[in-house]
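Numbering (the UniProt record's numbering), first residue to last: 1 to 249.
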């Protein structure tokens, strides 16, 4: 079924408008209303369907592209992609609870602390420039109060790509937005931080990873990645404690 024939979405509660658009398109894919190869309507049509701005639509598309669900072909349009095969039985649709996210983070610690070691040794000058660009976009989004998840995902996927081992990249790409816990959990509140202060700290953690890769220092890269992911793990543990204690997250 073509997306353009799907009726306008009913009101839904989401963290922001971009996530409402993301959820509606994702639901269409999962329900079979959108099949691989289907072309999404234009930005203008999506704006009309959902009553949102062009900026919101572009943020939503960035999310979906980062998750490997759609691709934009310049001058042609945006198309639904074939769902990637689940490596080792990993199914992103089963990542539902905070405990699931915590398990994914523990998996990432084992994967990404090794991937970044290889990245520091193998990265090219072009790849380093791409990492820098992703990190600059991340920092700019934080300063402007914009959406930070797409650039955060891109940074981690680029690190995996720099490793020269495509399986690191394939697994992280398959997990999509699930690799970024704050996509589901208000991590700033859990850390008792002002959101801007919290996000600046996250950017600084990424800067440490980038600096170690730029210096081609594998052990410093490993330490920086472990620190970053371990901090995320501790915040998620706090979220789990709050949930078990009956406090809404």
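Yeah, the Cβ is synthetic: ideal placement off N, Cα and C, and Gly gets one too.
Rounded distance between the beta-carbons of residue j and residue i, thought under 8 Å
| i | j | result |
| --- | --- | --- |
| residue 255 | residue 175 | In this structure the chain extends from 1 to 249, so residue 255 is not present and cannot be described. |
| residue 228 | residue 205 | 4 Å |
| residue 111 | residue 168 | 6 Å |
CA-to-CA distance, residue j to residue i, given in whole angstroms
| i | j | result |
| --- | --- | --- |
| residue 98 | residue 63 | 20 Å |
| residue 146 | residue 135 | 14 Å |
| residue 15 | residue 128 | Unreliable placement is indicated for residue 15, whose pLDDT of 46 sits below 50; the coordinate value is still reported in the next sentence. Whole-angstrom Cα-Cα distance: 33 Å. |
| residue 22 | residue 231 | 27 Å |
| residue 141 | residue 76 | 28 Å |
| residue 166 | residue 202 | 26 Å |
| residue 48 | residue 42 | 10 Å |
| residue 53 | residue 209 | 35 Å |
Contact under 9 Å by Cβ, residue i with residue j
| i | j | result |
| --- | --- | --- |
| residue 119 | residue 163 | yes |
| residue 81 | residue 36 | yes |
| residue 137 | residue 123 | no |
| residue 149 | residue 131 | no |
| residue 109 | residue 237 | no |
| residue 125 | residue 216 | no |
Cβ neighbours of residue i in the same chain (closer than 6 Å, five flanking residues each side left out)
| i | result |
| --- | --- |
| residue 56 | 17, 18 |
| residue 220 | 212 |
Own chain, CB closer than 8 Å to residue i, minus 5 neighbours either side, in chain order
| i | result |
| --- | --- |
| residue 68 | 81, 84, 173, 174, 176 |
| residue 5 | With a pLDDT of 44 at residue 5, under the threshold of 50, the modelled position of that residue is not reliable, and the figure given next carries that caveat. Result list for residue 5: empty, nothing under 8 Å. |
| residue 25 | 3, 34, 40, 60, 64, 69, 70 |
| residue 241 | none |
Assess, as a yes-or-no matter, whether the stretch 54-62 is touched by the stretch 112-126 under the definition of 3 or more beta carbon pairs within less than 8 Å.
The stretch 112-126 vs the stretch 54-62: no contact.
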